[in-house]
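Be aware that the sequence shown starts at 84, since it is given in my numbering, and climbs by one per residue.
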Amino acid sequence: MEQLERMKIRRLPTEEGAWDRENIKALRKSIRGHLSLPLFESSDPIPPGYSQVSFNALLHESALAQDGAEKRHAPNVDWKFRVWTGGELTFNHPKLFLNSANKPHHVAVKERITDARLIGALDDKNARVLVTLTKVLFLSDRSPEGRPVYTDLGRLSVRKTRNTEMVKEEKHLCFWREIPSSLRESSARRLPFPSNPDYFQTMVPSPTLLFRFSSLTRNAHAIHLDGDYTQKVYGLPKLIVHGPLTSVLMLDVLGEALAIQSTKEPLPFAVRQFNYKNLLPLFVNEQITIACRKMRKLPPQEGKYKAVDGIWWEQWEVWIQRGEGDEATLAVRGTALVSPVRKSGSRGINEDFVEQVKPADEELSNPSRTA
């Protein structure tokens, strides 16, 4: 379908520059009202997933659809209903900091549509379009005096090498022309979830948390903000928790599990890849349990999973259960690859840490296959 191919050449301008320190701190403060997490200090590494509250464009209202979502991500105005179906995050630097030598890191950002596929016949009312947005954060060039360098177009200059690509975010969206019955009925579905987690926390997402995350990510989509709209238009009982917020919650709980493990291991571990699939919606004011467990150690292979001081990478399973007791169901499922990291007092990007993450095996990188 030619129209879908043309989506891949759309310009998706976004912000770039210094990390949004206040947004990152505000996100951690907001989530700490629901989960047991440490404070975020400016000298700490940026928590995995928190890059999602930096470098988001504030579009003119005319660029938003009737429901507040961005028009530029949809095939056209006919595909007016959307949900987040999952994503992948790759962390090429195990530790990222706001500053280096008391100077802020400047980040160059490139975002584009990398995939758009029609599922079903175009004339089928239940046809859907799957869209992948890819956003890459690069460490920008600096002058000998340590100042950021800009191109003639006013964008930050960057040499796209293995050491400058810091974070890659892939976001998966699903668009419909009509709300399918499968979505309207999703609140009644039950999916089995893993047992015997190594670590878990329980919380109840509040309307305030959803509002704050919408604000921090500049996301005005009504399904996170307007309960009446969500019920009348989408046929769902309550506000829906953001897909990217589920990824942050999962990474936060995994981070706590890794922190506990680090007290028993010679080296700490850092998240290097995280893939997740939103299987069922999470609703405001309904209890969720975020859990994780270590699945296996990953022996070194040619070009990937490089051991550090003889310590191997690990694969972890992370998931979110919705509801309690007999009503509990799996809602989100993910897979994380974590690597050992040498301890360092550096507050910048330490080249000793850099280990390019190459695509993982299919069984590791596609959690939807095991859902």
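Just so it is clear, CB atoms sit at the ideal spot from N, CA and C, and this is done for glycine as well.
Discussion item. For Glu-446, count the other beta carbons within 10 Å of its own beta carbon; 16 or more makes it buried, fewer makes it exposed. Which is it?
Written reply: Caution is warranted here: a pLDDT of 39 is assigned to Glu-446, below 50, making its placement in the model unreliable, and no coordinate value can be reported.
Fill in: Straight-line Cα distance separating Leu-256 from Glu-88
16 Å
Item to complete: Could you tell me whether the Cβ atoms of Val-232 and Arg-225 are closer together than 8 Å?
Response: yes
Discussion item. Looking at Phe-164: is its Cβ nearer than 8 Å to the Cβ of Ile-92?
Written reply: no
Practice prompt. Per DSSP, which residues does Val-401 bridge with? Please list them.
Written response: Cys-375, Gly-417
Discussion item. Tell me the residue span of the beta strand (DSSP E) that contains Leu-172.
Written reply: 164-174
Worksheet entry | Per-residue DSSP class, three states only, for Met-493 | The structure shown does not extend to residue 493, since the chain is modelled only from 84 through 454, so no value can be given for it.
Worksheet item: In or out: Ser-223 buried (at least 16 other Cβ within 10 Å) or exposed?
Response: buried
Practice prompt. Using three-state DSSP, classify Gln-384 as helix, strand or coil.
Written response: strand
Item to complete: Spell out the partners DSSP gives Thr-215 in its beta bridges.
Response: Asp-198, His-255
Worksheet item: Closest by CA to Ser-298, which one among Val-136, Leu-363, Val-166, Leu-213?
Response: Val-136
Worksheet item: Rounded to whole angstroms, how far is the Cβ of Pro-351 from the Cβ of Val-424, which I believe are closer than 8 Å?
Response: 6 Å
Item to complete: Kindly indicate the opening and closing residues of the alpha helix (DSSP H) around Ala-314.
Response: A small fix is needed here, since residue 314 is Gln in this sequence, not Ala. Here the alpha helix (DSSP H) through Gln-314 covers 310-317.
Worksheet item: Among residues of its own chain, excluding the 5 on either side of Leu-332, which ones have a beta-carbon nearer than 6 Å to its beta-carbon?
Response: Ile-373
Worksheet item: Considering only C-alpha positions, which residue in the set Phe-294, Cys-375, Arg-260, Ser-134 is nearest to Asp-207?
Response: Arg-260
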